[in-house]
Amino acid sequence: MALSDIIVYQADEGFIVEFGGEGEDRIAVTLREAPDLTHDNAIAKARALMTLALEPVHGDSARSKDPALLEEELNEGLEDSFPASDPVSVTVSSIPMRDPNTGH
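Residue numbering for the sequence shown follows the working numbering, starting at 135 and increasing by one per position.
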């Protein structure tokens, strides 16, 4: 989507910056009131916030990995957690309980 227009609105608690695309598509960024926030720098701050929102949280993003590598990592994780992935088995104890009346 190519951005064709940018509109800045004054809001009760700061500014709203709308990035308009082709047709009626729009992206709005709400900037809360801050001492350094002005009408003039609201667009730059909104762009910076959008850039941060679109960056991966860390460089090891699953989206950027090869599907074969992801499959290998999944298999390794399953093998490493194998005992925990087994279903719970029900067992009956063969040790008789002590009878409190007999003292044994």
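Where is the CB? At the ideal position from N, CA and C, for every residue including glycine. Keep in mind that this is a model prediction, so the values were computed, not measured.
Residues of its chain near residue i, where Cβ-Cβ distance is below 8 Å and the 5 sequence neighbours each way are ignored
i      : result
Ser211 : The sequence given here has Gly at residue 211, not Ser. Hits under 8 Å: none found.
Arg166 : Glu147 and Gly148
His173 : Val142, Gln144 and Phe149
Residue from the options whose Cα sits closest to the Cα of residue i
i      : options                           : result
Thr185 : Thr172, Ile161, Gly157 and Glu207 : Ile161
Ile177 : Val163, Leu208 and Ala168         : Val163
Val151 : Pro169, Glu158, Asn175 and Ala168 : Asn175
Range of the contiguous alpha helix (DSSP H) that encloses residue i
i      : result
Ala180 : Ala176 to Leu188
Continuous beta strand (DSSP E) stretch holding residue i: start and end
i      : result
Gly154 : Gly148 to Gly154
Ala145 : Asp139 to Ala145
Ala162 : Arg160 to Arg166
Same chain only: Cβ atoms within 6 Å of residue i, ignoring 5 sequence neighbours per side
i      : result
Gly154 : Ser138, Asp139 and Arg160
Ala182 : none
Contacting residues, own chain, Cβ-Cβ under 7 Å from residue i (five flanking each side not counted)
i      : result
Lys179 : Leu165 and Leu171
Asn235 : none
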